Every structure is written in C-alpha cells, then in structure tokens.
Ligand code: HEM
Ligand SMILES: [Cu+2]
Ligand SMILES: [Cu+2]
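Protein chains in written order, with the numbering used here: chain A, 334 to 604; chain B, 243 to 769.
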C-alpha cells in the first residue's frame with residue numbers, strides 16, 4: 334500500500350506546487366468577475382457549479398481509484414459475484430437529482446433577472462457586419478462603425494513582419510469604441526446585416542447573437558469605469574477572428590460631453 | 243457439425259489481384275464489411291487528424307504563420323465533418339458489423355446486400371467532400387453546423403457538400419435499418435432482449451436514434467440547397483424566412499447525433515470493464531433503461547446549443563432543466579461501471595486501460611457538460627474554447643477511447659493473434675497524457691475569453707495555446723503506434739485462444755480466433 338501511495342502522493346504534491354506557484358500569475362485561468370451585478374452573479378454561479386463538480390468528482394474518482402488499487406487481481410484473486418444493490422442504485426439516482434434541483438434554482442433566478450430589460454436609460458442598436466460593428470445611439474442621433482484598429486490590422490496579415498507582442502491590445506482594439514455611462518442601465522438591440530454574429534463582452538456577461546431579420550435584446554449596467562474588451566462569438570466568415578468589441582465605461586458627465594462632441598459633426602453635415 | 247460447415251467455407255481467399263479486389267468490393271459477409279469499415283475509419287482518422295494539426299500549428303503562436311483565415315475555416319469545418327461522419331461513426335459501424343452477429347449468435351447481418359451498399363456509399367461521399375478542396379472557393383468553411391446565411395455564401399463546394407451529406411445520411415440510415423432488423427430477428431434461440439449483451443443494446447438504441455436524426459439533417463441541408471439555387475426562403479430573412487429555424491432543425495439532428503457518437507462507446511465499455519473485472523456488469527437493467535432514457539432526452543434538449551439566439555425565458559428554462567436531467571442517467575452509468583470494478587479481480591490489459599481512461603475523462607467531459615447546461619453561465623462559455631474542451635473530452639477520451647478499447651479487445655478475435663501488449667500500453671499512456679495536455683488548457687482559454695473558430699488570437703492566450711498545440715502533435719504521433727500494433731498483429735504474434743480473455747463472457751468467445759468466415763450456421767442455444 335505504501336509503495337502504491339508513494340507516487341500518488343508525489344503527484345498530488347507536484348500538482349499543489351504547480352497551482353500555488355507564481356507561474357500561474359501570468360496565466361489567466363478563470364472567468365472574469367466582471368463589472369456588472371449580473372456578471373458577478375454569473376461568476377458566482379460558475380464557481381458554485383465548479384465546486385459542486387469538484388466535490389462530486391473527488392468522490393467518484395476516489396471510488397474508482399480505490400477499486401483499482403484494492404481489487405486488482407494480485408490482491409483480490411477471487412472476484413465477488415454480485416450484480417445489484419438496490420439501495421446504492423436508488424441513492425445514486427436520488428442524490429444527484431436533489432443536487433441538480435439545488436443548482437437549477439439560483440440559475441433560474443439569475444436567468445429571470447438577465448432577461449429583464451425594462452427601465453433602461455439608454456438604448457443602443459448594434460448591427461453586425463462582415464466584419465465590423467455598427468453602433469447606433471437610438472435617441473441621440475449618434476452612430477458609427479467600429480472595426481479592428483489599424484495597428485492590429487496591419488500586424489495580423491500573414492508575413493506582415495510585425496510582432497503581435499509589440500502591438501497594444503493585439504486583435505482586441507478598435508478604431509471607434511462604444512462609449513457608455515457608468516451606473517446606467519444600457520439596453521442593447523442586437524441585429525445583423527449579412528450573416529449571424531454574436532456580441533460578447535465577458536466583463537458584462539453579455540453574449541447575444543446578432544441575426545439578420547431579428548432584433549435581440551440584452552442589457553448591462555456597468556458599476557465601474559474602464560475599458561472592456563470582447564470579440565464576435567459566432568463564426569461569421571474569414572475575418573471572424575478580427576471583429577473585436579471595445580466598450581469604454583465613463584462617468585455620466587464625460588459621457589454627456591462625448592455625446593455632444595459626436596453629435597456635432599453629424600449636425601453640420603445635415604446643414 | 244458446425245465445424246465441418248466452417249471448414250467447407252474457410253477457403254474464401256481468392257488468388258490473384260483482381261479477384262481479391264472484387265471480393266472486397268462485392269462482399270456481403272458481415273466480417274468483411276466490418277473490416278472495410280474499420281480500415282476506412284482508421285484512414286479517415288489520419289485525414290481528419292492532419293487537419294486538426296494544421297489548425298493547431300496555426301494556433302501555436304499569435305499571428306498568422308502558415309495558412310490564411312479562410313483556409314483555416316475550411317480546416318476546422320472539414321476536420322469536424324470527417325471526424326464525425328468519416329471516422330467515428332464508421333468505426334462503430336465496423337464494430338457493429340463484426341460483433342453484433344457474433345454476439346447474438348446470427349450467421350450474418352439480416353440484409354447483407356444492403357450492408358455492402360451502406361459501406362460503399364461512404365468512400366464516395368467522403369471523396370466528394372474532400373475533393374471540394376480543389377474546387378473554386380475551396381472546401382466548406384462555415385463550420386460543420388453550416389449555419390445560414392454564412393453557409394450559403396460558399397462557392398462551388400456548396401452543392402457537393404450537401405450531396406455528400408445526403409449520401410452519408412443514406413449510408414447511416416441503411417446501416418441502422420440493417421442493425422435493427424438483425425437484432426430483432428436473428429437472435430439465437432433463448433436470447434431475450436434483456437439477455438442481450440450491452441453492446442448490442444446500445445447499438446439497437448443508437449440505430450433508432452439514427453433513424454430519427456439523419457432524415458432531419460437531410461431535410462435541413464436540402465432546404466439550404468433550395469434557398470441557394472431555387473429561390474426559396476426557408477432561412478433567408480430577406481424573403482421572409484427564418485435563419486434561426488435552421489439552427490433548430492440542425493440541432494434537432496445534431497444533439498441526438500452526439501449521442502449516436504457516444505452510445506456505441508458506452509456499449510463497448512460495458513463489455514470491457516466486466517471482462518477485466520471478472521465480474522458481471524453491475525445493474526444491467528438500469529444500464530438498459532439509462533441508455534434508453536438518454537436517447538429519449540437527447541431528442542428534446544436540442545436548443546441548449548443555441549441559448550444565445552434570443553429564446554423566450556420559458557424556452558431557456560425548459561431546455562436548461564431537461565439538459566440537466568440527462569446528468570442523472572449518465573451518472574447512473576458511471577456509478578454502475580465503477581460498481582462493476584468494485585470487489586472485482588482487476589487486470590489492466592490495454593482494452594481495460596482505455597476503458598478506465600474513458601471512465602475518468604468522460605466523467606470530466608460530463609462535468610463541463612453540466613456547467614454549460616446552466617444557462618446564465620453558458621452565456622459566458624458558449625462558442626469559446628471552454629466548449630471546444632468540453633466536447634473534445636467527450637469525443638476523444640469518450641468516443642475514441644471507446645473505439646480503442648473495443649479494437650484492442652476484439653483484435654485477437656479478428657486476427658487470431660494477440661497484439662503486442664507493451665506497444666498497446668505505450669499507445670494508451672501516450673494518448674492519455676497528450677489528450678489532457680491538448681484539451682485541458684483549452685478550458686482556461688475559454689474562461690479567459692478566447693472564442694472558438696478563430697485563426698489568430700490576442701497575446702494573453704499565447705501560453706495555453708502553445709501547450710495545447712504541443713499536446714496535439716504528441717497525440718497525433720502517438721496514434722502511429724496504433725497502426726504499428728495493428729499491422730504487427732495481423733502479420734503474426736502469439737496465437738489467440740477462443741476465449742482470449744480470462745473473464746470474457748458471451749457468444750463471440752465461443753467461436754475460434756480468428757473468427758472463421760462463416761459462423762453460427764446452426765444457431766447456438768442460450769439458456
Ligand atoms: C484527436 C485529436 C483532435 C484534435 C487535436 C482536435 C482539434 C480540434 C481543433 C483545433 C478544432 C478547432 C477548434 C476551433 O477553432 O473552434 C476542432 C474542432 C472540432 N473537432 Fe476536433 N480534434 C480532435 C479530435 C476530434 C474528434 C475525434 C472529433 C469527433 C468525433 C472532433 C470533432 C470536432 C468538432 C465537431 C469540432 C468543431 C468544428 C467547428 O467548430 O465547426 N475532433 N478540433
Ligand atoms: Cu462576426
Ligand atoms: Cu464572428
């Protein structure tokens with residue numbers, strides 16, 4: 334037994350060291366908590382299921398490993414003959430069922446909140462194109478296209494000779510970011526002009542398909558200022574990998590300033 | 243008496259090249275056709291695998307090094323189509339052809355001529371698919387899911403791909419009809435349904451699932467075809483059609499399809515674990531019912547592949563709950579396999595190693611499956627590398643390990659020789675290690691925000707991608723050992739006994755190894 338458990342213990346120790354080591358600081362290994370109440374709720378849900386899975390996993394894997402060590406032929410030459418055990422079978426059907434119900438309840442509650450798009454203070458229409466986004470501030474007379482930033486676009490070409498590591502936010506930067514005010518419920522109307530795309534910003538926990546002929550709804554309310562990045566998340570042709578999304582969350586005052594700046598050129602064109 | 247019958251027919255090996263080719267083309271013998279399926283599937287494993295390696299080579303580093311984005315998309319698309327329709331389904335069809343008649347004591351499949359056609363459609367369909375690489379516009383590049391309107395933007399490959407899918411579908415439908423008829427009518431006297439080996443059960447259920455699913459796929463792609471060429475508007479929004487309807491129809495096929503892929507593997511594992519535990523399968527009846535309920539549930543959960551399309555709340559809740567419920571029968575299967583090993587007398591020959599690898603890693607894929615079933619969290623996981631990791635854990639250590647376990651388990655029965663156990667074990671260990679090196683880091687990539695189906699990525703995803711690519715090449719190389727093992731085993735090696743494995747139970751172990759060309763001309767009686 335000791336000889337057998339040696340390697341197992343060693344492996345566990347190696348794993349523990351690996352996970353604790355500072356090397357992991359450079360590796361992003363988990364979902365972001367994000368900057369909306371919904372995204373934090375989703376993160377909590379994610380961690381909850383993850384831990385439930387880890388606990389069940391430890392139980393199941395332990396049973397398997399013990400069976401393999403204890404009942405190998407050299408230790409247990411005569412196998413038992415049983416092939417049923419009603420109690421065990423009822424238990425391992427019923428217990429998972431209970432666990433599932435317990436997980437489904439908070440998930441359903443979150444879902445109800447996620448789908449509630451009422452009482453928004455700002456509405457933005459998002460249209461996916463091959464391969465850029467169009468943003469339209471519905472009541473504000475502001476609209477523009479948002480495409481991959483020039484530096485990334487140059488570096489991404491095959492044989493460009495530009496090192497991606499030298500480009501700021503390689504593939505995750507755009508020419509015109511979406512700008513929204515902080516602490517404001519922003520409603521999104523999402524559609525597409527050619528093929529299916531999907532608008533995804535992990536920090537807001539928003540991912541919604543942009544489908545031609547449909548207008549999908551979603552919303553977010555960022556509680557922190559900052560720049561948040563995402564990407565198109567539905568295969569939309571050869572430049573699917575080059576459709577980033579950048580959202581700047583700014584203070585309400587800054588946002589109003591930005592809005593008036595944006596509206597001016599549009600007005601002068603109309604003159 | 244049956245021995246003489248076998249002797250008379252033993253000399254089916256024609257002399258000369260042309261007769262030899264003709265024999266393989268015209269054969270109606272279930273064992274020959276099983277062999278054809280298996281050889282074809284092995285070939286396609288390397289074709290589809292090379293495409294995955296092109297993808298992984300490109301993703302090794304940020305920046306584009308080897309291929310253009312459009313070709314990259316062709317690679318992912320055709321990789322998936324070939325792996326599913328050209329590799330894993332034919333592999334299990336090969337096992338069914340070889341083993342179902344042997345396991346139920348039948349002399350052959352019920353419809354041998356149909357059987358020949360089911361197989362021979364496959365190489366033609368696959369060739370048609372692969373030849374699209376040489377057409378203007380290249381091979382299909384819209385993903386194996388072929389969502390419109392993107393898929394209808396394709397070039398000349400479009401009708402070819404659809405026709406290939408039709409042929410593949412016809413082939414599968416014919417094969418499943420044959421399997422159902424065989425199992426229903428040709429069982430040996432005394433073999434009631436509830437005495438059938440698990441592998442036969444899983445294939446019976448799989449065959450029904452194929453009858454349900456394949457025509458739906460055929461319908462969906464036919465509608466794509468008419469939208470493209472004949473001016474219909476099933477899925478064209480501009481003409482009043484509905485692109486989401488395609489996704490519903492596709493996944494009504496697609497979700498049962500993933501169970502079509504995995505269930506025969508369940509069957510194989512249910513044969514292998516009892517054999518090497520020297521103990522009967524725990525909870526046989528529960529296994530049958532669990533398999534049947536998984537099949538039923540698989541037909542009503544399709545929309546969990548499309549939680550982000552904008553479904554009504556009630557729809558999302560329904561599909562979340564039904565999807566979560568699948569975890570129960572799946573859990574029952576895992577627990578039953580573990581209980582089969584409990585108090586057994588275990589040895590770890592290669593088939594058992596692959597079965598245990600299956601047990602561990604398929605469970606892991608099941609956990610991430612449970613995670614993606616939770617809708618709010620799935621909004622974050624969907625279409626990222628987390629999902630790529632999830633389904634590869636189910637497909638590679640799931641379906642593929644099942645196939646490897648079956649191959650090593652029955653190889654002595656097919657060839658009459660024992661395979662090289664040392665090489666087999668080496669194959670297992672390298673495969674098991676590299677599978678995890680390849681796919682485990684992809685969970686992290688997905689959580690950190692890397693979408694799937696992209697040819698290039700932001701630099702913060704670089705390290706895990708590099709690890710994953712190294713793993714993929716290791717995995718690919720390790721498979722060459724498998725080919726070597728098979729060739730060695732066909733050419734010679736220690737003679738296999740009839741029973742081959744000490745703990746093996748079932749009719750297939752009562753015939754000689756190699757299984758003669760004709761078996762069970764007098765039906766065996768099962769008490
Ligand atoms: C054996 C080693 C394998 C490797 C290294 C591998 C690798 C890959 C890679 C890199 C992708 C592209 C992911 C993306 O960009 O989204 C992919 C996609 C896929 N693979 Fe595999 N794969 C393997 C085996 C399999 C098997 C056995 C199957 C099925 C039986 C399979 C089915 C798929 C499917 C369905 C996709 C999705 C394609 C799409 O997004 O349209 N793979 N694989
Ligand atoms: Cu897009
Ligand atoms: Cu896209």
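Glycine included, each C-beta is placed from N, C-alpha and C at the ideal position. Just so it is clear, the structure is predicted and the values come from calculations on it, not from any experiment.
The beta carbon of residue 583 of chain A is closer than 8 Å to those of 512, 513, 514, 515, 558 and 591 in its chain, skipping five residues each way along the sequence.
Counting only runs of 3 or more residues that sit fully inside the segment 434-495 of chain A, the beta strand (DSSP E) segments are 455-462, 465-470 and 475-479, in chain order.
Residue 631 of chain B and residue 673 of chain B have their alpha carbons spaced roughly 16 Å apart.
Pairing residue 561 of chain A with residue 444 of chain A, the inter-Cα distance amounts to about 23 Å. One Cα belongs to residue 454 of chain B, the other to residue 408 of chain A, and the distance between them is close to 48 Å. Taking 8 Å as the threshold, the shortest C-beta distance from residue 429 of chain A to chain B falls below it. Contacts with chain A at 8 Å (Cβ-Cβ) include residue 577 of chain B.
Of the candidates B:485, B:364 and B:385, the residue whose Cα lies closest to the Cα of residue 466 of chain B is B:485. For residue 549 of chain A, the enclosing beta strand (DSSP E) starts and ends at 549-553. Between residue 525 of chain A and residue 583 of chain B, the C-beta spacing is not below 8 Å.
Relative to ligand 3, residue 569 of chain A has its C-beta within less than 7 Å of a heavy atom. Our two residues, residue 483 of chain B and residue 471 of chain B, have alpha carbons roughly 15 Å apart in a direct line.
When distances are taken from the beta-carbon of residue 576 of chain A to the heavy atoms of ligand 3, the shortest one is below 7 Å. Shown here, residue 541 of chain A sits in a strand according to DSSP, grouped into three states. Not one heavy atom of ligand 3 is found less than 7 Å from the C-beta of residue 624 of chain B.
When the five nearest sequence neighbours on each side are left out, the beta carbons in the same chain lying within less than 6 Å of the beta carbon of residue 286 of chain B are those of 324, 328 and 329, in order along the chain.
Assigned with DSSP and collapsed to three states, residue 378 of chain B falls in coil, not helix or strand. By DSSP's assignment, residue 578 of chain A forms a beta bridge with A:563. Taken from the Cβ of residue 467 of chain A, every heavy atom of ligand 3 lies 7 Å or farther away. Excluding sequence positions up to five before and after residue 558 of chain B, its CB lies within less than 7 Å of the CB of 549 and 617, all in the same chain and listed in chain order. Residue pairing by DSSP puts residue 534 of chain A in a beta bridge opposite A:539. The beta carbon of residue 452 of chain B sits closer than 7 Å to those of 414, 415, 418 and 502, all from its chain and outside the five residues before and after it, given in chain order. Taken in chain order, the members of the segment 312-340 of chain B whose beta-carbon sits within less than 7 Å of a beta-carbon on chain A are 312 and 315. Using a Cβ-Cβ cut-off of 8 Å, residue 361 of chain A counts as an interface residue toward chain B, since at least one Cβ of chain B sits closer than that to its own.
If you draw a straight line from the Cα of residue 363 of chain A to the Cα of residue 689 of chain B, it is about 5 Å long. Taking all protein chains shown into account, residue 307 of chain B has fewer than 16 neighbouring C-beta atoms within 10 Å of its C-beta and is therefore exposed. Using beta-carbon distances, residue 544 of chain B does not count as an interface residue toward chain A, since no partner is under 8 Å. Per DSSP, the beta bridge partners of residue 525 of chain A are A:461 and A:545. DSSP places residue 428 of chain B in the coil class of the three-state scheme, outside both helix and strand.
Inter-segment contact for the segment 595-602 of chain B and the segment 508-516 of chain B is present: three or more beta-carbon pairs are separated by less than 8 Å. In the three-state reduction of the DSSP assignment, residue 639 of chain B falls in the helix class.
The beta carbon of residue 767 of chain B is closer than 8 Å to those of 430, 431 and 432 in its chain, skipping five residues each way along the sequence. Straight across, the Cα-Cα distance linking residue 491 of chain B with residue 542 of chain B is about 12 Å. Taking a contact to require three or more Cβ pairs closer than 8 Å, the segment 725-743 of chain B and the segment 657-672 of chain B qualify as touching.
Chain-order list of chain B residues neighbouring residue 368 of chain A: empty, with the shortest C-beta distance near 14 Å, by a criterion of under 9 Å.
Within the segment 686-705 of chain B, 686, 689, 690, 691, 693, 695, 696, 697, 698, 699, 700, 701, 702 and 705 place their CB atoms closer than 7 Å to a CB of chain A, listed in sequence order.
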